[in-house]
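Peer 1:
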Amino acid sequence: MIDHRKAEEAIYQLLEALGENPEREGLLETPKRVANMYAEMFSDLHQDPKEQFTAVFSEEHDEAVLVKDIPFYSMCEHHLVPFYGVAHVAYLPSQGKVTGLSKLARAVEVASKRPQLQERLTEQVATALEEALSPRGVFVMVEAEHMCMTMRGIKKPGSKTVTTVARGLFKDDFNERQEILNLIRG
Numbered sequence: 108m109i110d111h112r113k114a115e116e117a118i119y120q121l122l123e124a125l126g127e128n129p130e131r132e133g134l135l136e137t138p139k140r141v142a143n144m145y146a147e148m149f150s151d152l153h154q155d156p157k158e159q160f161t162a163v164f165s166e167e168h169d170e171a172v173l174v175k176d177i178p179f180y181s182m183c184e185h186h187l188v189p190f191y192g193v194a195h196v197a198y199l200p201s202q203g204k205v206t207g208l209s210k211l212a213r214a215v216e217v218a219s220k221r222p223q224l225q226e227r228l229t230e231q232v233a234t235a236l237e238e239a240l241s242p243r244g245v246f247v248m249v250e251a252e253h254m255c256m257t258m259r260g261i262k263k264p265g266s267k268t269v270t271t272v273a274r275g276l277f278k279d280d281f282n283e284r285q286e287i288l289n290l291i292r293g
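Heads up: the sequence shown runs through residues 108 to 293, numbered per the numbering used here.
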């Protein structure tokens, strides 16, 4: 939970450090607006993505389950600027255990609502799914554009970073992995 008072004070001080006048009309409410924005953007900071898998069902389905193109927004922990993109989350059910499809998207949402690295985000979603369902395979791919590469530094807008985590059959069986990659790209 964000301490709004401290956040507002910090933003006020940042504006001063930038050489701005936090008392001018256009900036009067900025510390409050930024504190509210951060409260929203970091709202799941202390939640575990695994806790999102509350709906687990018995279903005789043992083929791949994939939810792709899950949009997300996160904040680079190195520069505190956004990175955003899509996540693709797949698993191979084990012993008839499946979860609600929205739970896959919710796990991505929870993992992204914190200062984050894309590599860690990908890992956290895969681990949460693996621990919650014990599936025969897990595959998570995250594709994102990082504002720290677009707005500053190298300044390469449109470049995408892709990270993957493959576990179980998706790691060990080339054909299983290729099938899920074809479904994601298809």
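Just so it is clear, CB atoms sit at the ideal spot from N, CA and C, and this is done for glycine as well.
Since we're looking at a predicted model, the values are computed, not measured.
1. Pick helix, strand or coil for Gln159, following the three-state DSSP scheme.
2. So what's His111 in DSSP terms, helix, strand or just coil?
3. So for Gln202, helix, strand or coil by DSSP?
4. Can you list, in chain order, the residues of its chain with a C-beta nearer than 8 Å to that of Thr137? Leave out the 5 residues immediately preceding and following it.
5. Tell me where the alpha helix (DSSP H) around Leu228 begins and ends.
6. DSSP three-state label for Ala171, please.
7. Since Gln154 contacts Val232 with CB under 8 Å, what's their CB separation in whole angstroms?
8. So, are the CB atoms of Pro242 and Leu199 less than 7 Å apart?
9. Quick one: residues in its chain with C-beta nearer than 7 Å to the C-beta of Leu228, no 5 flanking neighbours on either side, listed in chain order?
10. Could you pull out every residue in the same chain whose Cβ sits closer than 7 Å to the Cβ of Pro178, ignoring the five residues on either side in sequence?
11. For Lys262, which residues of its own chain have a beta-carbon under 8 Å away from its beta-carbon, when the five flanking residues on both sides are left out?
12. Run the CB neighbour count on Leu187, radius 10 Å, all protein chains shown included, and call it buried at 16 or more, exposed below.
13. In the DSSP assignment, what are the bridge partners of Gly192?
14. Please report the distance separating the alpha-carbon of Lys139 from that of Arg112.
15. Would you kindly report the start and end of the unbroken beta strand (DSSP E) that includes Arg243?
16. Identify the residues that DSSP records as bridge partners of Arg274: which are they?
17. Just confirm the distance between the C-beta atoms of Glu252 and Lys267, as a whole number of angstroms; I'd bet it's less than 8 Å.
18. Per DSSP, what kind of secondary structure is Ser150 in: helix, strand or coil?
Peer 2: Per the coordinate set shown:
1. helix
2. helix
3. coil
4. Ile118, Leu122, Pro129
5. 225–240
6. Three-state result, Ala171: coil.
7. About 13 Å; that fails the 8 Å criterion.
8. yes
9. Ser181, Ala218, Ser219, Val249
10. Val193
11. Within the same chain, Lys262 has close Cβ partners Met256.
12. Its Cβ having fewer than 16 others within 10 Å, Leu187 is exposed.
13. Phe179, Ala251
14. 9 Å
15. DSSP places Arg243 outside any beta strand (DSSP E), giving it a letter other than H or E.
16. Val245
17. 6 Å
18. DSSP places Ser150 in coil when its eight states are reduced to three.
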